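Undergrad: This is the structure I have questions about; it appears just below.
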Amino acid sequence: MDAAVCVICKRPLGDGAMRIRYENRTYSFDSERCKRIFYENPDRWLDAGGGVLEQPR
Ligand SMILES: [Zn+2]
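Residue numbering for the sequence shown follows the numbering used here, starting at 54 and increasing by one per position.
Next up, the structure:
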């Protein structure tokens, strides 16, 4: 179970949280904006195993 924070900005997820599936994993976002940032370049945010990086590349 992943921590309940936004993948992009690391803010705690509220009621408006969004989840998407990407390559068999689920990622959570607190806003439409963060979701879009992720989609623009997912590889920037993920390691080879699909885990979220501490710092984007
Ligand atoms: Zn966010």
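Every residue gets a Cβ at the ideal spot worked out from N, C-alpha and C, and that includes glycine. Model, not experiment: these values are computed from the prediction.
Any idea which residues DSSP pairs Phe82 with across the strands?
TA: Met71
Undergrad: Helix, strand or coil: which one does DSSP assign to Pro95?
TA: helix
Undergrad: Alpha carbons only, please: which of Asn94, Asp68, Ser84, Pro65 is nearest the one belonging to Tyr75?
TA: It is Asn94.
Undergrad: Going by CA-CA distance only, name the one from Cys87, Arg110, Gly67, Leu99 that's closest to Arg78.
TA: Leu99
Undergrad: Compare the C-alpha of Ala70 against each of Ser81, Gly104, Arg97 and name the closest.
TA: When Ser81, Gly104, Arg97 are compared, the shortest CA-CA separation from Ala70 is found for Ser81.
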